[in-house]
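Colleague: Here it is: the structure, laid out below.
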Amino acid sequence: MPIHHVKLDEQSTLKDIYATPASTRHLPKYRMPDEGTEPHAAYSLVRDELLLDGNARQNLATFCTTWVEDEVKQLMTDAIDKNMIDKDEYPQTAEIENRCVHILAELWNAQKSWETIGCSTTGSSEAAMLGGLALKWKWRNRREAEGKDTSKPNIVTGPVQICWKKFARYFDVEIREVPLEDDALGIQPKDLRKYCDENTIGVVATLGVTFTGIYEPVEALAHELDAIERDLGLNIPIHVDAASGGFVAPFIQQDIIWDFQIERVRSINASGHKYGLAPLGVGWAIWASKADLPEELIFNVDYLGGNMPTFALNFSRPGGEIIAQYYNFLRLGREGYTAIQQTCSDTAQWLGAELAKIEQFEMVYDGHGGLPAVAYKLTDKDHGFTLYDLSERVRMRGWQIASYPLPQNRQETVVQRILIRHGVSRDLVQLLLEEIKRAIDHLSHNPIPNSTAKPGFNHG
Ligand SMILES: *Cc1c(COP(=O)(O)O)cnc(C)c1O
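Numbered according to the UniProt record's numbering, the sequence shown spans residues 1 to 460.
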């Protein structure tokens, strides 16, 4: 006899989940059901459906965090009710956000990091919008003060992530994406004179180009813009899109000068949820000084109590990711971040060297000098298969590797890219390498004459 008798009705929690009525039916997909379902059963059914998603740890196409410590999960749960916008109700969460801003300003060598202004965002995309808006407003204010036309702003970039194209379209700015010449994988100083003019609100340099993982030469670009200012009187600021590199270069590539040490770099964005190691949903935008962020863009919100300045595209937003970011800073310190990024970088370079030995491949980026990543293409021969076929083949074992064409002027070159992140161990990469070799062997012996495999992937 049970100590407390429960009637075994249809929804009883005593019933095996897979024997409840909910699990004998198709789940409603286009209309909300009239009645509810017992939480345990609903949870299991939803979780089971998610089994069909790819396994995030095997997704080597993403830059984003796919492994976190249990403490991070706990903090995320602890913070589930904290709304980032409500800085009066959750002043300590706001304080933690503020600390992260200053920690990053210091990491990126701002002159007076304690005076720097910045904010958290949902990711680098929102941070890029904010950085772009600040550039546009600064430019317009300057032009208006000079009595000049403000109707045709443009922004000059190399092969940028999609967020800059969105920025340009959403906020009415012409984007001048410099095409890749010859073997170039990013914007080069010599390109600038041709593309910049008095309507250029800024130049975007990317530290960790999405397509290959290389760093654009921020210091050399700044020198060229100095020369342009001397020759033509145009003072054009740089925004660095350091979505990934902002959390890599300061730890393992300190010889590369790319941040606020360069006077012309006025703002930087980075994704906390990429090499910042925080869970999904946090990015950062930091300006060199308060003067770089026009005051008209900052709103003061008083109806949540208090009077808090905010610069964001969103309003309500979770606070957990920001708290987790701060946890990571405390937990790891510079030493911990350095060890993690160095390990990733070493693994990427090892993989680069191994892939270079494969006769069908030619390396495009071998993991040296940029992000912990590799990019390669097929040699100029008919191999009987494409990189898209290879992506599909390794997918059979759960591996996700991105294949896609390079940007403008080099679209005929299809590359494959592998990102090495926290949680991707040397052994796991060894297993992947064996899988790639097996797949190539299979495809070489079973050519795909009319291959229809296509890129099916977004850069994230
Ligand atoms: C990922 C990425 C972005 C977009 O960042 P999210 O955090 O995904 O919004 C922008 N720029 C670069 C260079 C990136 O790698």
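Beta carbons are placed, not taken as given, at the ideal position from N, Cα and C, and that holds for glycine.
1. Note the first and the last residue of the continuous alpha helix (DSSP H) segment covering Lys-138.
2. Taking 6 Å as the cut-off, is the C-beta of Ser-271 nearer than that to any heavy atom in ligand 1?
3. Quick one: give me the first and last residue of the beta strand (DSSP E) that Phe-385 is part of.
4. Got a sec, what are the start and stop residues for the beta strand (DSSP E) Trp-284 sits in?
5. Please classify Thr-121: does DSSP put it in a helix, a strand, or coil?
6. Please report the distance separating the alpha-carbon of Ala-278 from that of Arg-230.
7. Going by Cα to Cα distance, which pick from Ala-105, Leu-225 and Leu-207 is closest to Val-248?
8. The alpha helix (DSSP H) with His-368 in it runs from where to where?
9. Tell me, please, which residues DSSP counts as bridged to Gln-416.
10. Would you call the segment 391–409 in contact with the segment 344–362, where contact means no fewer than 3 C-beta pairs closer than 8 Å?
11. Can you tell me the Cβ-Cβ gap for Gln-261 and Asn-109, rounded? I've got them flagged as a contact below 8 Å.
12. Might you give, ordered along the chain, the residues of its own chain that have their beta carbon closer than 6 Å to the beta carbon of Thr-386, omitting 5 neighbours on each side?
13. Taking the alpha carbon of Trp-219 as the point to measure from, which residue in Pro-189, Ala-243 and Thr-212 has its own alpha carbon closest?
14. State the CB to CB distance for the pair Phe-63 and Leu-419, rounded to an integer number of angstroms; the pair is presumed to be in contact (CB under 8 Å).
15. With respect to 6 Å, is the separation between the Cβ of Asp-241 and the closest non-hydrogen atom of ligand 1 below this value?
16. Can you give the Cα-Cα distance for Lys-15 and Ala-356, rounded to whole angstroms?
17. Judging by CA-CA distance, which residue of Leu-192, Val-173 and Ala-168 is the nearest neighbour of Pro-179?
18. So, are the CB atoms of Ile-252 and Thr-200 less than 7 Å apart?
19. Quick one: residues in its chain with C-beta nearer than 6 Å to the C-beta of Ala-453, no 5 flanking neighbours on either side, listed in chain order?
20. Keeping to the same chain, check which residues put their C-beta closer than 8 Å to that of Gln-416; ignore five residues upstream and five downstream.
21. Using beta-carbon positions only, say whether Arg-169 and Tyr-195 come within less than 7 Å of one another.
22. Could you check where the beta strand (DSSP E) with His-239 kicks off and where it finishes?
23. If you draw a straight line from the alpha carbon of Thr-24 to that of Asp-53, how long is it in whole angstroms?
24. Answer yes or no: the CB of Cys-163 versus the heavy atoms of ligand 1, is any distance below 6 Å?
25. Just verifying my parser: in three-state terms, what is the DSSP assignment at Ile-162?
26. Ser-267 lies in the beta strand (DSSP E); which residues open and close that run?
27. Could you tell me the distance, in whole angstroms, from the CA atom of Ile-268 to the CA atom of Arg-140?
28. Excluding five sequence neighbours on each side, which residues of the same chain lie with their C-beta closer than 8 Å to the C-beta of Gln-341?
29. Could you say if the segment 280–291 and the segment 73–90 meet the contact criterion of at least three C-beta pairs nearer than 8 Å?
30. Who pairs with Glu-177 in a beta bridge, going by DSSP?
31. Going by DSSP, what residues sit across from Leu-207 in a beta bridge?
32. So, with DSSP's three-state summary, where would you put Pro-294?
33. With distances taken between CB atoms, is the gap from Gly-202 to Ile-155 smaller than 7 Å?
34. Along the chain, where does the beta strand (DSSP E) containing Val-248 start, and where does it finish?
35. Below 6 Å CB to CB, which residues in the same chain sit around Cys-344 once its five sequence neighbours on both sides are set aside?
Modeller: So, from the data block:
1. The count along the sequence shown starts at 1 and reaches residue 138 at position 138. Run containing Lys-138: 124–145, per the alpha helix (DSSP H) assignment.
2. As a position in the sequence shown, residue 271 is number 271, starting the count at 1. Ser-271 Cβ: within cutoff of ligand 1.
3. Taking the first residue of the sequence shown as position 1, residue 385 is located at position 385. Looking at the DSSP string, Phe-385 is not in any beta strand (DSSP E), and its letter there is neither H nor E.
4. The sequence position of residue 284 within the sequence shown is 284, counting from 1. 283–287 is the span of the beta strand (DSSP E), which, as asked, contains Trp-284.
5. The residue labelled residue 121 in the question sits at position 121 within the sequence shown. Reduced to three states, the DSSP call for Thr-121 is strand.
6. Here residue 278 refers to the residue found at position 278 when the sequence shown is read from its first residue. Here residue 230 refers to the residue found at position 230 when the sequence shown is read from its first residue. Going by the C-alpha atoms only, they are around 42 Å apart.
7. Residue mapping note: residue 248 aligns to position 248 of the sequence shown, counting from 1. Here the closest residue by C-alpha is Leu-207.
8. Within the sequence shown, numbered from 1, the residue matching residue 368 stands at position 368. Counting along the chain, His-368 falls outside any alpha helix (DSSP H), and DSSP gives it neither H nor E.
9. For this step, residue 416 is matched to residue 416 along the sequence shown. For Gln-416, which the question treats as bridged, DSSP gives the partners Tyr-376 and Ser-403.
10. no
11. For the purposes of this step, residue 261 is taken as residue 261 along the sequence shown, with counting starting at 1. For the purposes of this step, residue 109 is taken as residue 109 along the sequence shown, with counting starting at 1. Correct: roughly 5 Å between the Cβ atoms.
12. For the purposes of this step, residue 386 is identified with residue 386 of the sequence shown, where counting begins at 1. Contacts found: Ser-451.
13. Walking along the sequence shown from the start, residue 219 turns up at place 219. It is Glu, not Trp, that sits at residue 219 in the sequence shown. Nearest C-alpha to Glu-219: Pro-189.
14. Numbered from its first residue, the sequence shown carries residue 63 at position 63. Numbered from its first residue, the sequence shown carries residue 419 at position 419. About 6 Å separates the two Cβ atoms, so the contact holds.
15. Stepping through the sequence shown from its first residue, residue 241 is reached at position 241. Yes, the beta carbon of Asp-241 sits closer than 6 Å to at least one heavy atom of ligand 1.
16. Within the sequence shown, numbered from 1, the residue matching residue 15 stands at position 15. Within the sequence shown, numbered from 1, the residue matching residue 356 stands at position 356. About 57 Å.
17. By 1-based counting over the sequence shown, the position of residue 179 is 179. The candidate whose alpha carbon is nearest that of Pro-179 is Leu-192.
18. For the purposes of this step, residue 252 is taken as the residue at position 252 of the sequence shown. For the purposes of this step, residue 200 is taken as the residue at position 200 of the sequence shown. No, these two residues do not count as a Cβ contact at 7 Å.
19. For this step, residue 453 is matched to residue 453 along the sequence shown. Correct list, in chain order: Tyr-388, Asp-389 and Glu-392.
20. In the sequence shown, residue 416 corresponds to position 416, counting from 1. Cβ neighbours of Gln-416 beyond the five flanking positions: Ala-375, Tyr-376, Lys-377, Leu-387, Leu-390, Ser-391, Ile-401, Ala-402 and Ser-403.
21. Here residue 169 corresponds to residue number 169 of the sequence shown, with the count starting at 1. Here residue 195 corresponds to residue number 195 of the sequence shown, with the count starting at 1. No.
22. The residue labelled residue 239 in the question sits at position 239 within the sequence shown. Start and end: 238–241.
23. Against the sequence shown, residue 24 aligns to sequence position 24. Against the sequence shown, residue 53 aligns to sequence position 53. When rounded, the distance between both Cα atoms is 22 Å.
24. Against the sequence shown, residue 163 aligns to sequence position 163. Because some heavy atom of ligand 1 lies under 6 Å away, the Cβ of Cys-163 counts as near it: yes.
25. As a first step, residue 162 is located in the sequence shown; it is residue number 162 there, counting from the start. Three-state DSSP puts Ile-162 in a helix.
26. Here residue 267 is taken as the residue at index 267 of the sequence shown, counted from 1. Note, Ser-267: beta strand (DSSP E), 265–271.
27. Locating residue 268 in the sequence shown gives position 268, counting from the first residue. Locating residue 140 in the sequence shown gives position 140, counting from the first residue. Roughly 20 Å between the two C-alpha positions.
28. The residue labelled residue 341 in the question sits at position 341 within the sequence shown. The answer, listed in chain order, is Phe-247, Val-248, Phe-251, Ile-252, Tyr-275 and Pro-372.
29. no
30. Against the sequence shown, residue 177 aligns to sequence position 177. According to DSSP, which records beta bridges pairwise, Glu-177 is partnered with Thr-157.
31. What you label residue 207 is simply residue 207 of the sequence shown in a count that begins at 1. Paired residue(s): Tyr-215.
32. Counting from 1 along the sequence shown, the entry for residue 294 is found at position 294. Residue state, collapsed to three classes: coil.
33. Against the sequence shown, residue 202 aligns to sequence position 202. Against the sequence shown, residue 155 aligns to sequence position 155. The answer is yes: Cβ separation under 7 Å.
34. If you number the sequence shown from 1, residue 248 lands on position 248. Val-248 -> no beta strand (DSSP E), and no H or E assigned at all.
35. Walking along the sequence shown from the start, residue 344 turns up at place 344. Taken in chain order, the residues that qualify are Pro-372 and Ile-420.
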